[in-house]
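Protein chains in written order, with the UniProt record's numbering: chain C, 1 to 245; chain B, 1 to 245. Ideal placement from N, C-alpha and C gives every residue a C-beta, glycine not left out.
Protein chains: 2
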Amino acid sequence: MSGAETGRQAAPAAARPAPDGASAGHEVLAVVFQIRGDRLCVLLWRRARPPYEEHWALPGGRLGGAEGLDGSIRRQLAQKVDVRDLAHLEQLETRGDPCRHPRGRILATAYLGLVPAGIDPVVPEDTGWHPAVDLPDMGFDHADIVHSGRRRLRAKLSYTNIGFALAPPEFTVSQLSRYYSAALGHDVAATNLRRVLLRRGQIEETGGSVASGRSGGRPAALFRFRTRRLEITDAFAVLRPPAGS
Amino acid sequence: MSGAETGRQAAPAAARPAPDGASAGHEVLAVVFQIRGDRLCVLLWRRARPPYEEHWALPGGRLGGAEGLDGSIRRQLAQKVDVRDLAHLEQLETRGDPCRHPRGRILATAYLGLVPAGIDPVVPEDTGWHPAVDLPDMGFDHADIVHSGRRRLRAKLSYTNIGFALAPPEFTVSQLSRYYSAALGHDVAATNLRRVLLRRGQIEETGGSVASGRSGGRPAALFRFRTRRLEITDAFAVLRPPAGS
DNA sequence: GCAAAAGTGTTGGTGGTACACCCATGG
DNA sequence: CCATGGGTGTACCACCAACACTTTTGC
């Protein structure tokens, strides 16, 4: 391996970086979110040794020699924190600041992963869920990466059906509105959320319903997402192609 | 400047760090777009040797040991293709398929760069602009990456002010509508584009105007973008916070 | 005056929030 | 029958596409 096709270079002197100290290492990280108790939480583990001893960090690790980036983060989440129930996974960004890791030059490609509400994966002792709005002390640039993940999730909730990855297979509209509230960080009225998602064809009634609680109230209808694959449901409001095309 | 690619020399043991055989190399690429002659074009260079001899490729190259990703692609564009007038640059995606490069495992982080219309950077002999809708034979996964870039640009034209990076400092609305048409791939009516961008506060009149051509017509007013930094001008139509907050 | 290109006014549709109101259930 | 929560109907508004119309120029 390690062919090293150097691309082209103009100014020999400058272009010839250090004896190719180039990428000495590459790691893959994941921002894994789940709604727990009406709050958006992220999965973190606590570092037991330096650097950043006692700080919290994103799950992930070194990229293996023969695996792709997606495969690598899936493997590491399964092996290290026993998370196998990702309903959605997408690449977030790659950080390459030479100083981001005190041990030397390590690039990191971060992913956004979503676990549906309601399930409770068994995670190791040193691993836990933390509210995304109230992060503990975190090492490296990981807190920044969590914020990127939140922004991405917020945006996609608005124009895709990504809600399927936050909600369990069946849910009532009022439950769903709580998931949206938690992820978006502001109130979402159930009454309108129902109409928006129905109009867009994102959700449909299952036919079932849920008995009312002891305090009464009309039984709630159950819904499900029509598909569990990411789709863009709201092409941008503006600048779409003219009708006749 | 910068002629052909100078010898590739297999990176010595230096590139051999990762204990687990992890990342042997990392390159940085750029999809640089410019509107030329009412078409969206991308900057490519023609490979003189294998792999993919005679095919076209995205500009870029190995990441230097002491530079960040952004810095690296800026440096390489400046040195290798003499492009220094990027009005916008953002990270696109990172590809890590172990087989994407026949010479071995090389990760690639791709950027999207935009050069305003009207300027004509001097580029090397083997480098040229190609219509993005009619790409020549391209090596590696570079054609895919160009498509990612187009999708990203199209989306951002709809909800940000990224048009500032396609247009020259001053322009008429009808010119601007041609830039938008080229980048979006469909007609954009000048009459409505003007209103949309004015309402959103993206553009403003400079006061100047352009004399009409020999065929007559009312002189066109000149406009400029109010800012040349990326801003989201159209928060998603849906699911915004309630009014009272 | 006539053609050409820029710019304005207006209409109609879509898709959203807000809020009043009706429905089904438990006590 | 009342409180509680689910569900529907409707008013209103922002935003945009389409198109007719007006303005300003060259010839």
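| message | Between F97/C and chain B, is the shortest Cβ-Cβ distance under 8 Å, so that the two count as touching? | response | Here residue 97/C refers to the residue found at position 97 of the first sequence. Checking the sequence, you will find Asp at residue 97/C rather than Phe. By the rule that beta-carbons nearer than 8 Å mark a contact, D97/C touches chain B.
| Per DSSP, what kind of secondary structure is Q91/B in: helix, strand or coil? | By 1-based counting over the second sequence, the position of residue 91/B is 91. Note: Q91/B maps to strand in three-state DSSP.
| message | Can you tell me where the beta strand (DSSP E) holding H26/B begins and where it ends? | response | Here residue 26/B refers to the residue found at position 26 of the second sequence. Unbroken beta strand (DSSP E) run through H26/B: 26–36.
| What are the partner residues of R39/C, as DSSP defines its beta bridges? | Residue 39/C sits at position 39 when you count from the first residue of the first sequence. Answer is R36/C.
| field | Within-8 Å CB hit, R195/C to chain B | value | Counted from its first residue, the first sequence places residue 195/C at position 195. Taking a beta-carbon distance threshold of 8 Å, R195/C does not count as an interface residue toward chain B.
| Nearest CA to the CA of P102/B: which residue from D141/B, P59/B, L89/B, L77/B? | Mapped onto the second sequence, residue 102/B falls at position 102. Looking at the Cα atoms, D141/B is the closest of the given residues.
| said: Would D85/B and P121/B qualify as a contact pair, given that the criterion is a beta-carbon distance under 8 Å? | reply: The count along the second sequence starts at 1 and reaches residue 85/B at position 85. The count along the second sequence starts at 1 and reaches residue 121/B at position 121. Judged by their CB atoms, D85/B and P121/B are nearer to each other than the 8 Å cut-off.
| task | Would you kindly work out how many angstroms separate the C-alpha atoms of I232/B and W45/B, rounded to a whole number? | result | Numbered from 1 along the second sequence, position 232 holds the residue referred to as residue 232/B. Numbered from 1 along the second sequence, position 45 holds the residue referred to as residue 45/B. When rounded, the distance between both Cα atoms is 33 Å.
| So is I119/B buried or exposed if we call it buried at 16+ other beta carbons inside 10 Å? | Taking the second sequence and counting its residues from 1, one reaches residue 119/B at position 119. I119/B should be labelled exposed.
| request: Enumerate in chain order the residues of its own chain whose CB-to-CB distance from L29/B is below 6 Å, with the five nearest sequence positions on each side excluded. | output: On the second sequence, residue 29/B is found 29 positions in, with the first residue counted as 1. The beta carbon of L29/B sits closer than 6 Å to the beta carbons of L58, G60, A108, A110 from its chain, once the five residues preceding and following it are set aside; these are given in chain order.
| request: Compute the distance between the beta-carbons of D96/C and G68/B, then report whether it is under 8 Å. | output: Residue 96/C sits at position 96 when you count from the first residue of the first sequence. Residue 68/B sits at position 68 when you count from the first residue of the second sequence. It is Gly, not Asp, that sits at residue 96/C in the sequence shown. At the C-beta level, G96/C and G68/B come within 8 Å of one another.
| task | Could you pull out every residue in the same chain whose Cβ sits closer than 7 Å to the Cβ of D38/B, ignoring the five residues on either side in sequence? | result | One-based indexing of the second sequence puts residue 38/B at position 38. R178, A182.
| Alpha-carbon to alpha-carbon, Q202/C and Y159/C | Reading the first sequence from its first residue, position 159 is the one you call residue 159/C. Reading the first sequence from its first residue, position 202 is the one you call residue 202/C. Between the C-alpha atoms of Y159/C and Q202/C there is a straight-line separation of about 11 Å.
| query | By a C-beta neighbour count over all protein chains shown, 10 Å radius and 16 as the cutoff for buried, is T206/C buried or exposed? | reply | Stepping through the first sequence from its first residue, residue 206/C is reached at position 206. Per the 10 Å Cβ criterion, exposed.
| request: Examine chain B for any beta-carbon lying closer than 8 Å to the beta-carbon of R105/C, and answer yes or no. | output: In the first sequence, residue 105/C corresponds to position 105, counting from 1. Answer yes: the Cβ-Cβ gap between R105/C and chain B drops below 8 Å somewhere.
| request: With DSSP collapsed to three states, give me the class of H55/B. | output: Residue 55/B sits at position 55 when you count from the first residue of the second sequence. H55/B falls in the coil class under three-state DSSP.
| For V173/B and A220/B, the rounded distance between their alpha carbons | By 1-based counting over the second sequence, the position of residue 220/B is 220. By 1-based counting over the second sequence, the position of residue 173/B is 173. In this structure, the CA atom of A220/B is about 8 Å from the CA atom of V173/B.
| message | Using CA atoms only, rank isn't needed, just tell me which of A211/C, G217/C, A189/C, A165/C is closest to R224/C. | response | Taking the first residue of the first sequence as 1, we reach residue 224/C at position 224. Closest in C-alpha terms to R224/C, from the list A211/C, G217/C, A189/C, A165/C, comes A165/C.
| query | In chain B, what lies closer than 7 Å to L69/C by C-beta? | reply | To locate residue 69/C, count along the first sequence from 1; it is residue 69. T94, G96, listed in chain order.
| Nonlocal neighbours in the same chain, by C-beta distance under 8 Å from W56/C, ignoring five residues either side | The residue given as residue 56/C occupies position 56 in the first sequence. L44, W45, R46, R47, H130, L135, P136, D137, M138, G139, H142.
| field | Cβ distance (whole Å) where V81/B is taken to contact T127/B below 8 Å | value | By one-based count along the second sequence, residue 81/B stands at place 81. By one-based count along the second sequence, residue 127/B stands at place 127. Going by Cβ atoms, the distance from V81/B to T127/B rounds to 5 Å, so yes, they are a contact pair.
| message | F171/B and L222/B - do their beta-carbons sit closer together than 8 Å? | response | The residue labelled residue 222/B in the question sits at position 222 within the second sequence. The residue labelled residue 171/B in the question sits at position 171 within the second sequence. In terms of Cβ geometry, L222/B and F171/B form a close pair [threshold 8 Å].
| said: I'd like to know whether the C-beta atoms of E204/C and R228/C end up nearer to each other than 8 Å. | reply: Here the question's residue 204/C lines up with position 204 in the first sequence. Here the question's residue 228/C lines up with position 228 in the first sequence. Against a cut-off of 8 Å, the Cβ pair of R228/C and E204/C comes out as no contact.
| Opening and closing residue of the beta strand (DSSP E) in which H130/C lies | Along the first sequence, one-based indexing puts residue 130/C at 130. First-last of the beta strand (DSSP E) with H130/C: 127–131.
| request: For Q175/C, count neighbouring Cβ atoms within 10 angstroms of its own Cβ and tell me buried if that reaches 16, exposed if not. | output: As a first step, residue 175/C is located in the first sequence; it is residue number 175 there, counting from the start. Here Q175/C is buried: its Cβ has 16 or more other Cβ atoms, across all protein chains shown, within 10 Å.
| task | Give a yes or no on whether 8 Å exceeds the smallest Cβ distance from S23/B to chain C. | result | Taking the first residue of the second sequence as position 1, residue 23/B is located at position 23. With a pLDDT of 41 at S23/B, under the threshold of 50, the predicted position of this residue should be treated as unreliable, and no value is reported.
| query | Of the residues S209/C, V210/C, P168/C, Y180/C, which one's Cα is nearest the Cα of residue 250/C? | reply | Examination of residue 250/C is not possible in this model, given that chain C is present from 1 through 245 alone.
| Mind pulling the chain B residues with CB within less than 9 Å of Q76/C? | Within the first sequence, residue 76/C is the residue found at index 76, counting from 1. Scanning chain B for C-beta atoms nearer than 9 Å to the C-beta of Q76/C yields nothing, as the closest lies near 12 Å away.
| task | Compare the C-beta of T191/B against all C-beta atoms of chain C and say whether one is closer than 8 Å. | result | Against the second sequence, residue 191/B aligns to sequence position 191. Taking a beta-carbon distance threshold of 8 Å, T191/B does not count as an interface residue toward chain C.
| task | Less than 8 Å between the CB atoms is what I'm expecting for H77/C and V32/C, so what's the real figure, rounded? | result | As a first step, residue 77/C is located in the first sequence; it is residue number 77 there, counting from the start. As a first step, residue 32/C is located in the first sequence; it is residue number 32 there, counting from the start. One point to set straight first is that residue 77/C is Leu, not His, in the sequence displayed. Yes, L77/C and V32/C are in contact; Cβ-Cβ is about 7 Å, under 8 Å.
| Does the Cβ of Q34/B have 16 or more other Cβ atoms within 10 Å, making it buried, or fewer, making it exposed? | Against the second sequence, residue 34/B aligns to sequence position 34. Result: buried.
| query | Is the Cβ of Q79/C closer than 8 Å to any Cβ of chain B? | reply | Your numbering for residue 79/C matches position 79 in the first sequence. Judged by the 8 Å Cβ criterion, Q79/C is not in contact with chain B.
| query | What are the start and end residues of the beta strand (DSSP E) that includes L222/C? | reply | Stepping through the first sequence from its first residue, residue 222/C is reached at position 222. If you look at L222/C, you'll find it in the beta strand (DSSP E) that goes 220–225.
| request: Compile a chain-ordered list of the residues in the stretch 81–92 of chain B whose CB is closer than 8 Å to at least one CB of chain C. | output: Here the close residues are Q91.
| request: Pick helix, strand or coil for G21/B, following the three-state DSSP scheme. | output: Stepping through the second sequence from its first residue, residue 21/B is reached at position 21. In this prediction, G21/B has a pLDDT of 36, which is less than 50 and means its spatial position is unreliable; what the coordinates show is noted afterwards. G21/B falls in the coil class under three-state DSSP.
| said: DSSP has E204/C in a bridge; who is on the other side? | reply: Translated into the one-based positions of the first sequence, residue 204/C becomes position 204. Looking at the DSSP assignment, E204/C forms a beta bridge with R224/C.
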